Amino acid sequence: MAASSPSRRAPRPTPTDGFSTPSSITQAETEAILLQHIPSDADPKPILTKQAHMQFLVRNLVQGFPARYMSQDASQPWLLFWTIQSFSALQVGLDPGNKQRMIDKIMSAQHPDGGFGGGPGQAAHLLPTYASVCALAIVGRPGPGGGWDQIDRKKMYRFFMSLKQPDGSFLVAHHAEVDVRGIYCLLVTATLLDLLTPELVAGTASFIASCQTYEGGFASASQPYYAAIPAQSPAGEDFHAKSARLLETPRPPLGEAHGGYTFCALAAWVLLLPFREAEAGGRLPQIDVGKLLRWLVMMQGSEIELGGFKGRTNKLVDGCYSWWCGGAFAFLEALGVNGAAEGAPAGLPSGEEDEQREQWDEVDDTLFNRTALQEYILYAGQHPAGGLRDKPPKNADSYHTLYCLSGLSAAQHRVSPSEARRMQIHEAWVNRRSSVPGAVLSESKLPDQTRRKVFEEALAWAEDEGGSLVLGGADNRVNATHPLFNLTITHAEGLMAYFYGQSLPPRTRLGKSTGKA
Amino acid sequence: MPSPASSSDTSSALYAERPEWKDVTPLPQYEDANPIAPIFYSEEYKDATDYFRGIVKTGEKSERVLELTESIIRLNPAHYSAWQYRYETLLAIKAPLDVELKLMDELAVSFLKTYQVWHHRRLLLMLTGNPGPELKFITESLKVDAKNYHTWSYRQWLLAFFNDDDLWAGELDFVDAMLVQDVRNNSAWHHRFFVVFQSGVREGETERGRIVRRELTYVKQNISLVPNNPSAWNYLRGILDFNNLPYSRVEDFVRPYAGTTTDGSTTDLVDLENPPPSTNAQLPCSAAIEFLADIHEKEGGKDRVLQAIALWRSLADEHDTIRKKYWEYRIREALKSVKE
Numbered sequence: 001m002a003a004s005s006p007s008r009r010a011p012r013p014t015p016t017d018g019f020s021t022p023s024s025i026t027q028a029e030t031e032a033i034l035l036q037h038i039p040s041d042a043d044p045k046p047i048l049t050k051q052a053h054m055q056f057l058v059r060n061l062v063q064g065f066p067a068r069y070m071s072q073d074a075s076q077p078w079l080l081f082w083t084i085q086s087f088s089a090l091q092v093g094l095d096p097g098n099k100q101r102m103i104d105k106i107m108s109a110q111h112p113d114g115g116f117g118g119g120p121g122q123a124a125h126l127l128p129t130y131a132s133v134c135a136l137a138i139v140g141r142p143g144p145g146g147g148w149d150q151i152d153r154k155k156m157y158r159f160f161m162s163l164k165q166p167d168g169s170f171l172v173a174h175h176a177e178v179d180v181r182g183i184y185c186l187l188v189t190a191t192l193l194d195l196l197t198p199e200l201v202a203g204t205a206s207f208i209a210s211c212q213t214y215e216g217g218f219a220s221a222s223q224p225y226y227a228a229i230p231a232q233s234p235a236g237e238d239f240h241a242k243s244a245r246l247l248e249t250p251r252p253p254l255g256e257a258h259g260g261y262t263f264c265a266l267a268a269w270v271l272l273l274p275f276r277e278a279e280a281g282g283r284l285p286q287i288d289v290g291k292l293l294r295w296l297v298m299m300q301g302s303e304i305e306l307g308g309f310k311g312r313t314n315k316l317v318d319g320c321y322s323w324w325c326g327g328a329f330a331f332l333e334a335l336g337v338n339g340a341a342e343g344a345p346a347g348l349p350s351g352e353e354d355e356q357r358e359q360w361d362e363v364d365d366t367l368f369n370r371t372a373l374q375e376y377i378l379y380a381g382q383h384p385a386g387g388l389r390d391k392p393p394k395n396a397d398s399y400h401t402l403y404c405l406s407g408l409s410a411a412q413h414r415v416s417p418s419e420a421r422r423m424q425i426h427e428a429w430v431n432r433r434s435s436v437p438g439a440v441l442s443e444s445k446l447p448d449q450t451r452r453k454v455f456e457e458a459l460a461w462a463e464d465e466g467g468s469l470v471l472g473g474a475d476n477r478v479n480a481t482h483p484l485f486n487l488t489i490t491h492a493e494g495l496m497a498y499f500y501g502q503s504l505p506p507r508t509r510l511g512k513s514t515g516k517a
Numbered sequence: 001m002p003s004p005a006s007s008s009d010t011s012s013a014l015y016a017e018r019p020e021w022k023d024v025t026p027l028p029q030y031e032d033a034n035p036i037a038p039i040f041y042s043e044e045y046k047d048a049t050d051y052f053r054g055i056v057k058t059g060e061k062s063e064r065v066l067e068l069t070e071s072i073i074r075l076n077p078a079h080y081s082a083w084q085y086r087y088e089t090l091l092a093i094k095a096p097l098d099v100e101l102k103l104m105d106e107l108a109v110s111f112l113k114t115y116q117v118w119h120h121r122r123l124l125l126m127l128t129g130n131p132g133p134e135l136k137f138i139t140e141s142l143k144v145d146a147k148n149y150h151t152w153s154y155r156q157w158l159l160a161f162f163n164d165d166d167l168w169a170g171e172l173d174f175v176d177a178m179l180v181q182d183v184r185n186n187s188a189w190h191h192r193f194f195v196v197f198q199s200g201v202r203e204g205e206t207e208r209g210r211i212v213r214r215e216l217t218y219v220k221q222n223i224s225l226v227p228n229n230p231s232a233w234n235y236l237r238g239i240l241d242f243n244n245l246p247y248s249r250v251e252d253f254v255r256p257y258a259g260t261t262t263d264g265s266t267t268d269l270v271d272l273e274n275p276p277p278s279t280n281a282q283l284p285c286s287a288a289i290e291f292l293a294d295i296h297e298k299e300g301g302k303d304r305v306l307q308a309i310a311l312w313r314s315l316a317d318e319h320d321t322i323r324k325k326y327w328e329y330r331i332r333e334a335l336k337s338v339k340e
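Protein chains in written order, with UniProt numbering: chain A, 1 to 517; chain B, 1 to 340.
Set out below in structure tokens:
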């Protein structure tokens, strides 16, 4: 990395209008550090130091996590998911012995009353439930000891329903907070395990919509107001406004637009599309997609920030938003935003700069700067000693390692809903349920037609042929990841096919395969 | 995200060594002595969590559970199960909540970034029903971290949940003070939007036209002070969108910011409606160019759309090159609408 060599074009510092405030001071400090990581023309191609990152990941897995990870004691399934999904991104699999040890550890966090906790003896919580099920998608299998058949889906469903609030939201755990991360985790888990029902998701899309702020991104939650609450009603926690009518307005977002919440809200919104028409009350909830797109593109830092993403307006760039913001662009396509420059109108000069970029596609319809994002991750996101990070000079950690790699994947590949693939899956569908022992949910709350729709919409995502752009050459390639789940498409297909009792037609892709290495 | 657990220096003995805990059987975390990816716990933490698992198993809810869960929380404030069990214990033994809140005052400052600290406080407030002292406390903790997401959403929840005129009364002054400290603090701008527009209409604010004018003046003055401040521009857009007002309403104000010179010399008249860019302003301001392009596009007609396109082109090629793809997308979309 070029510390002192002249940069290709001196990037402009963020303008401060001669008016310094705490925000502009930390911004300038960050820019000064990032400036040292901007390459010059003379620099060699950036390299993703896969070996070093693997060593970092393997060390944690085999030797264990150092004491500072004690703060993650309630997130043990996350530590496993971040690690094993990073393996998948780096195209590495795990040996059967360690796979089994991982399955055993995850299963020990399953709560006797359903769902997974942060570790053995911990209460069930939506976040580790997502992490556990996704980790099992990678390392688990059917049969005794394989994890898949030992997930108690009936109890998990009951756990989910016990968290449901009258405004369509969910607590993340009993007595805990409501926020869209939990809803995302719940919907992914329910989608993967064939647990989605209209009863479960009633009102949820409206809740998600109410979290969109005036900036366009989404907040952590919104505050419900109810009509006809008795004045003397004790405002205790167990107060359920079931009899009271939820007001359409006001329903203010709590907190500002934020990258992490925006990813979760948007993915949840897309997962709910098959249910949207069934939403009670007749009125379809809406989100403002144009505003959302604008907010998302504005989160990308400028050249002096190496094109990394920030999580909120006037905050600093951070490698993890490579995924939470960069990864969210894939959803816009599912919502009808089409960046494709098909038949670009005459008179639009194609950028000369683009032609200088290696492997730049003639028609690149990505709406953010995918080259710049890769530069941020490769030049600033990699810790010299292995693992990836928020920004220099911070240390690497498991969380940032995965979300930098996932963001790199989102910048390298184009994964979008494919109508051809959806039709293939649609036609191969058979009306049957999983053969998972004792797994049938209370004799279908869900008609096969809806299950079929959920299944085919979730798995219609496919990597576009020729749509990839790998900065620094083919050695830097990481696997494509499913935008909704952050699993490889292969792993998502494997788990869903099993739980829905389907067999999937082979993907007719040419060339490189996603999935295992 | 992982951050070093703060080491507590409470010198109390391990639970395993204390006679009054003899009746509890500590439960080790894993039956398997050699689980994959272990965390290297401190002895103190392992001891406390072993006893916690033992307590959860028997379901005991007693005074000493409060001590045990506090020990765990001080070592790892993200241990949500300890919080959850603590809350249930508080209810079960009818513990005095003022004592608990006092402890929370201390813990909130130490563990500002954990969800649980703030949520626990919320649960307590729903029980006490006394939000009065809270706003001052929140203001104090924002001095430590002025953009803390949990702190701000807690404040918003408090206001909306109790919805008490006395609580709302000081909010605009509070936001203003926060923005004076840092006009780029987006959390404060969001709070202002929450207070003024999104949380319902309170007495004295029913005349919405006046409120909109007040807010437009406020945001324009702040843009004038620091033009390259996306938070303020987003607030301006927010006001107009929320009230279904056309962007063209502020065209005269925006125009000078999209130009290249701070030309304050043309007139000595002070136009309060349209404060000019400060003398230090770095122009053109890309947010203003974008805004002006949006005005042109929304006004419609071929000429205006072409003007919008020229502005987007200047953003793509010169003023905001990182978003080239987006500006070109806007150009394509606008051209489509002209053709149709």
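All residues carry an ideal CB built from backbone N, CA and C; glycine is no exception. No experiment lies behind these values; they were computed from the predicted model shown.
What's the C-alpha gap between B/Glu-106 and B/Phe-40?
27 Å
Rounding to the nearest angstrom, what Cα-Cα distance links B/Phe-197 and B/Phe-242 in this structure?
8 Å
Give the C-beta separation of A/Asn-479 and A/Ser-409 to the nearest angstrom, bearing in mind that I take them to be a contact with Cβ-Cβ under 8 Å.
6 Å
Identify, in the order they occur along the chain, each residue of the same chain with its Cβ nearer than 8 Å to the Cβ of A/Pro-120, setting aside the five sequence neighbours on each side.
Ser-108 and Ala-109
Closer than 8 Å is the cut-off here; do at least three beta carbon pairs connect the region 10-26 of chain B with the region 41-50 of chain B?
yes
For a contact defined as C-beta to C-beta under 7 Å, what are the partners of B/Ser-187 on chain A?
Glu-256
Cutting at 7 Å between CB atoms, please list the residues of its own chain near B/Phe-137, excluding the five before and the five after it.
Asp-105
Beta carbons nearer than 9 Å to chain A: which residues of the region 214-241 of chain B have them?
Leu-225, Val-226, Pro-227, Asn-228, Asn-229, Pro-230, Ser-231, Asn-234, Tyr-235, Arg-237, Gly-238, Ile-239 and Asp-241
The region 149-180 of chain A: which residues have C-beta closer than 7 Å to a C-beta of chain B, in chain order?
Ala-173, His-174, His-175, Ala-176 and Glu-177
So for B/Lys-336, helix, strand or coil by DSSP?
helix
Along the alpha helix (DSSP H) that carries A/Ala-497, what are the first and last residues, could you check?
489-500
Outcome for A/Gly-311 when other beta-carbon atoms lying within 10 angstroms are tallied against a minimum of 16
buried
What residues of chain B sit near A/Glu-303, judged by a beta carbon separation below 9 Å?
Thr-321 and Ile-322
Please work out which residues of its chain come closer than 6 Å, Cβ to Cβ, to B/Pro-275, disregarding the five sequence neighbours upstream and downstream, and give them in chain order.
Lys-220, Gln-221 and Ser-224
Could you spell out where the beta strand (DSSP E) holding A/Glu-463 opens and where it closes?
461-463
Minimum C-alpha distance to A/Arg-370 - residue among A/Gln-122, A/Cys-325 and A/Leu-284:
A/Cys-325
Could you round the C-beta distance between A/Glu-457 and A/Leu-273 to whole angstroms and report it? I think they count as a contact, below 8 Å.
7 Å
Interfacial residues, the region 91-107 of chain A to chain B, with Cβ spacing under 7 Å
Asn-98, Arg-101, Met-102, Asp-104 and Lys-105
At 7 Å on the CB atoms, spell out the chain B contacts of A/Glu-31, in chain order.
Ordered by position in chain B, no residue passes the 7 Å Cβ test against A/Glu-31, which lies about 14 Å from the chain.
Skipping 5 residues on each side, what residues in its chain have a beta carbon closer than 6 Å to that of A/His-383?
Arg-389 and Ala-396
Test: A/Lys-50 CB closer than 8 Å to a CB of chain B
no
Interface residues of chain A facing B/Lys-61 [CB-CB closer than 9 Å]
Those within 9 Å of B/Lys-61 in chain A number zero; the least Cβ separation is about 14 Å.
Any beta carbon of chain B sitting closer than 8 Å to that of A/Leu-80?
yes
Give the DSSP-derived three-state secondary structure of A/Phe-275 in the structure shown.
helix
Candidates A/Gly-472, A/Thr-83, A/Pro-224 and A/Asp-448: which alpha carbon is nearest A/Gly-501's?
A/Asp-448
Would you say B/Ala-160 reaches chain A, if we count a Cβ-Cβ gap shorter than 8 Å as a contact?
yes
Name, please, each residue of chain A whose Cβ falls closer than 7 Å to the Cβ of B/Tyr-326.
Val-297 and Leu-367
By the 10 Å Cβ neighbour count, where 16 or more other Cβ atoms means buried, how is A/Pro-506 classified, buried or exposed?
exposed
Would you report the Cα separation of B/Trp-168 and A/Leu-254, rounded to the nearest angstrom?
16 Å
Alpha-carbon spacing of A/Gly-118 relative to A/Met-102, whole angstroms:
14 Å
Length of the line joining the Cα atoms of B/Trp-327 and B/His-319
11 Å
When we look at the beta-carbon of A/Gly-260 and count the other beta-carbons within 10 Å, is it buried (16 or more) or exposed?
buried
For A/Leu-80 and B/Ala-33, believed in contact at Cβ under 8 Å, the rounded distance
That belief does not hold up - the Cβ atoms of B/Ala-33 and A/Leu-80 are roughly 18 Å apart, past 8 Å.
Please report the residue range of the alpha helix (DSSP H) in which B/Pro-230 lies.
230-242
Spell out the partners DSSP gives A/Ser-222 in its beta bridges.
A/Pro-253
List, in chain order, every chain A residue whose beta-carbon is nearer than 7 Å to that of B/Ser-199.
Pro-250 and Pro-252
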